[in-house]
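This report refers to the structure that appears directly beneath it.
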Amino acid sequence: MFEGETRDAILGLKFRNERRNAFALALLLRSLVPPDTDCLTWAPTSDGRRMARGLDQSESIARHLGALVSLPVAASLRRVGEGRQTGASREERQGSVRFVAHAGRAGETVVVVDDVVTTGATFRAAVSALIGVGCRVPVCLSVATVP
C-alpha cells in the first residue's frame, strides 16, 4: 500500500531528490523477480517530469533492483506524449499513457518496474508495447499500490 515508510521513501525519491531511497525500495522487490527473467526495464516518466525532478524514479529503482538480482536493466520503453497520471481521474489515466518499445528486446522475458500503481494503466500500456515487439512479460513489479 502507498502508506507509511514506503510512501515517505517514494515521495522523498520523487520530490526531494532522496536518491538513496531507490536502493531501499528495490530491496522490497528483490524476491519477486521471476527466475527466468532476461532483463528488467521500467515504465518511464515523461521527459518533462524527468527533467524537472532530475531523475526518473522508476529507472532508479529498476537499476538498483538489477544490481541486486544480477540482471541487465535496459531502457526498453519510451513514453509517448506528456500525459499526466498524478491527480488524473481513473478515466483520464486509462488513455493518457502510451509507450513505444524497442524491438531489440524481441524474444526476451522482460519484467517492468514502476514506483506506484494506481489504476494499472501504465502497466497495461507498457506490457502492450513490449508484447507488440515480441517480448514475454510475466510480471510487472510496483513498490506500492493506491487503493
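FYI, this note's numbering numbers position 139 of the sequence shown as 793, with every residue one higher than the one before it.
The beta-carbon is built from N, C-alpha and C at its ideal position, and this holds for glycine as well.
Every unbroken stretch of the beta strand (DSSP E) spanning 3 or more residues and falling wholly within the segment 701-773 is given here in chain order: 731-734, 752-755, 764-771. Taking every protein chain shown into account, the CB of Ala-697 has 16 or more other CB atoms within 10 angstroms, so this residue is buried. Annotation for Ala-757: Val-787 place their beta carbon closer than 7 Å to its own, counting only its chain and skipping 5 residues before and after. Minimum Cα-Cα distance from Pro-792 among the listed residues Pro-801, Val-781, Asn-671 corresponds to Val-781. By the neighbour-count criterion, in which 16 or more other beta carbons inside 10 Å mark a residue as buried, Val-751 falls on the buried side.
The straight-line gap separating the alpha-carbon atoms of Ser-712 and Val-767 is approximately 6 Å. When the beta-carbon positions are compared, Ala-760 and Ser-730 stay at least 8 Å from each other. In this structure, DSSP gives Thr-691 a state outside helix and strand, which the three-state scheme calls coil. Among the bridge pairs identified by DSSP, Cys-794 is matched with Val-766. Rounded to the nearest whole angstrom, the CA to CA distance from Glu-672 to Gly-666 is 5 Å. Between Gly-720 and Val-727 a beta carbon distance of about 4 Å is seen, short of the 8 Å cut, so the two are scored as contacting. Per DSSP, Glu-672 lies in no alpha helix (DSSP H) and is assigned neither H nor E.
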